[in-house]
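Note that my numbering has the sequence shown beginning at 81, numbered continuously upward. Backbone N, C-alpha and C fix where the C-beta goes; we use that ideal spot for every residue, glycine too. Note that the coordinates shown come from a computational prediction; the quantities given were computed from them, not determined experimentally.
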Amino acid sequence: MPKGQTSHPPLAREIIYAEPFAMARRLKGAKALTLLESVQRHEHLGRYSFLAADPRLTLRVVDGVAHLDGIASTEAPLALLQRLLDENRTSHLANLPPFQGGWAGFISYDYGRHLEPKAKLPAFNPIAPDMEFHFFDTVIGIDHLQERAWIFARDEQQADALEQRLRLKQKPHEQQAVTGFASNFTRPDYERAINRTVEYILAGDIFQANITQTFAAPEPEGFDCYALYETLRRKNPATFAGLMDYDSIKLISSSPERLVRFDGKTAEARPIKGTRKRDADPARDAALIMELQASRKDR
């Protein structure tokens, strides 16, 4: 497809509304299954969920080298991704869930090594590609506000095949306990990192830092990432949750906030840390402002 050209609008077929994770269970085993789910639902932030699988294209970057459908490319990964975005634009049907086909995937934190090669970053053992994106031309879009769901596909045959899979019964599963977690930080190391961060802030070098640690545990026999995600979504229902069942890695996420939203014209950030909810009562609202201003951590 020439650069800048968009595809025809997808076919939209309404299907029976169901929980997104229940649909994902029925598609288990499909290639590159990607579930982007709003478990904690709000009209503006958690209205939609999306489920896709069996992509038409796959871009995977390993150690800084891009591979398109398994074939290595000499293009810089981000430049290649931008070209693929330009060449595979999708048009949309109005008044329906907004993601009706396109690219979905992840960029790993460690890809920053290639963006800032001079940065002194600690040694690491990569367990995931630098990035991985899939182009889906069949997507399930779910509107939780209206309690309606649709299949978006290129044609009737694609829609028929996906709808048939959604009729399959879910296989029973058992949850395996994951135990033996170990951190890559000792308590003294963690405390030293906090003290250094405070020093950097007081010196004016930075205003914020995320002090993170990695917890690792042996994978139990018969481990099921779907069962783990099911437990997470039940115990920590989040506005932005996700499950990516890829050959290269299994990713599970859960967050109450969205880092950034970009609709092609406007970028929007809605942080939770360092904020307070507004209150309709003026006195209470003023008290919340004072509380935020007085907080050494949040102000």
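Hey, Asn316 and Thr294: beta-carbon distance below 9 Å or not? no
If you run the structure through DSSP and keep just helix, strand and coil, what is Gly182? strand
With 16 other CB atoms within 10 Å as the buried threshold, where does Gln180 fall? buried
Could you give the distance in angstroms between the alpha-carbon of Leu115 and the alpha-carbon of Lys345? 26 Å
Assess contact between the stretch 256-273 and the stretch 158-173, defined as three or more Cβ pairs (one per stretch) separated by less than 8 Å. Is contact present? no
Grouping DSSP H, G and I as helix and E and B as strand, with all else coil, what is Ile96? coil
Under DSSP, the beta strand (DSSP E) around Ala229 begins and ends at which residues? 228-233
Output the residue ranges of the beta strand (DSSP E) runs that lie fully inside the stretch 118-193 and measure 3 residues or longer, sorted by chain position. 128-132, 137-142, 145-148, 182-187
Using three-state DSSP, classify Arg276 as helix, strand or coil. helix
For the alpha helix (DSSP H) containing Ala363, list its first residue and its last residue. 362-374
Would you give the residue range spanned by the alpha helix (DSSP H) that Phe241 belongs to? According to the sequence shown, residue 241 is Ala rather than Phe. Start and end: 236-246.
So, helix, strand or coil for Asp269, using DSSP? helix
Leaving out five residues on either side along the sequence, give the residues of the same chain with a beta carbon under 8 Å from the beta carbon of Ala307. His253, Glu254, Gln255, Gln256
Starting from Lys200, trace the alpha helix (DSSP H) both ways and give me its first and last residue. From DSSP, Lys200 is part of no alpha helix (DSSP H); its letter is neither H nor E.
Who are the Cβ neighbours of Gly182 in its own chain at under 6 Å, not counting the five residues just before and after it? Thr170
Considering only residues of the same chain and omitting the five flanking positions on each side of Arg228, which have a CB-CB separation below 8 Å? Glu94, Tyr97, Ile222
Secondary structure of Pro294, DSSP reduced to three states: The question names Pro, but residue 294 is Thr in the sequence shown. Of the three classes helix, strand and coil, the one that applies to Thr294 here is coil, per DSSP.
Give the DSSP bridge partners of Val219, in chain order. Ala132, Phe232
Based on the DSSP secondary-structure assignment, which residues constitute the bridge partners of Glu212? Arg140, Phe186
Report buried or exposed for Leu225, applying the criterion of at least 16 other Cβ atoms within 10 angstroms of its Cβ. exposed
Judging by CA-CA distance, which residue of Tyr280, Asp143, Arg356 is the nearest neighbour of Gln373? Arg356
Nearest-angstrom Cα separation, counted from Ile369 out to Ala208: 42 Å
Do Ala184 and Gly192 come within 9 Å of each other at the CB atom, strictly closer than that value? no
Going by other Cβ atoms of all chains shown within 10 Å of its Cβ, with 16 needed for buried, is Ser375 buried or exposed? exposed
With a 10 Å radius around its C-beta and 16 neighbouring C-beta atoms as the bar for buried, classify Val278 as buried or exposed. exposed
Using a Cβ-Cβ cutoff of less than 8 Å, which residues in the same chain neighbour His194 once the five nearest sequence positions on both sides are dropped? Gly144, Pro157, Asp210
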